[in-house]
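Here is the structure we will look at, set down as structure tokens.
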Amino acid sequence: MILRKYMSLLGVGSANIDLILPKESYQRGEVINGYFTITGGTIEQQLKRIDCDLVMHDHATRQKEVIDTTTILSSKLIQSDECNHISFSFMLPEKLSASSEEISYHFRTRMTFNEGVESKDLDIIHVV
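What follows is the structure, given as structure tokens:
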């Protein structure tokens, strides 16, 4: 048991998060409704927070810019091998540039625990 706890602190067998979105393409100003799937690891872990950033990547300048962030604070205990769903809602800004060869968008999700490493996820979307 102690070995499993230390392995999860290093990220091995840690809980995972995945943002599930209903589609890939969205209009400017559209509300995106999806959910996070949280799957427990080999031991129980205390969830601290979930941060989800909308990131714009300008491939021409190689710069990334965080457009907006959604944060969910929680003290939920994630049991080993448990599966949970948490609702996600995000309104795209009206003034976003459309996706192109130079501009792309993605959601970068981080799940932080009281102890252990963060679980991360990345989901690409297209803005039309």
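Just so you know, the sequence shown maps onto residues 1 to 128 in the UniProt record's numbering.
Using N, Cα and C, we set each Cβ at its ideal position, and we do this for glycine too.
Leu47 sits buried, since 16 or more C-beta atoms from the chains shown fall within 10 Å of its C-beta.
Within the stretch 41–109, the beta strand (DSSP E) runs of at least 3 residues that lie entirely inside it are, in chain order, 45–58, 63–73, 83–91. The closest CA to that of Phe107, considering only Gly41, Val31, Tyr35, Cys52, is found on Cys52.
In the DSSP annotation of this structure, the continuous segment of the beta strand (DSSP E) that includes Lys120 starts and ends at 119–127. Each of Leu19, Gly40, Asn84, Thr42 was checked against the Cα of Gly34, and the nearest Cα belongs to Leu19.
Contact between Leu21 and Asp123 holds: CB atoms are separated by about 6 Å, below the 8 Å threshold. Excluding its 5 nearest sequence neighbours in each direction, Ser25 has C-beta neighbours in its own chain below 6 Å: His126, Val128, listed in chain order.
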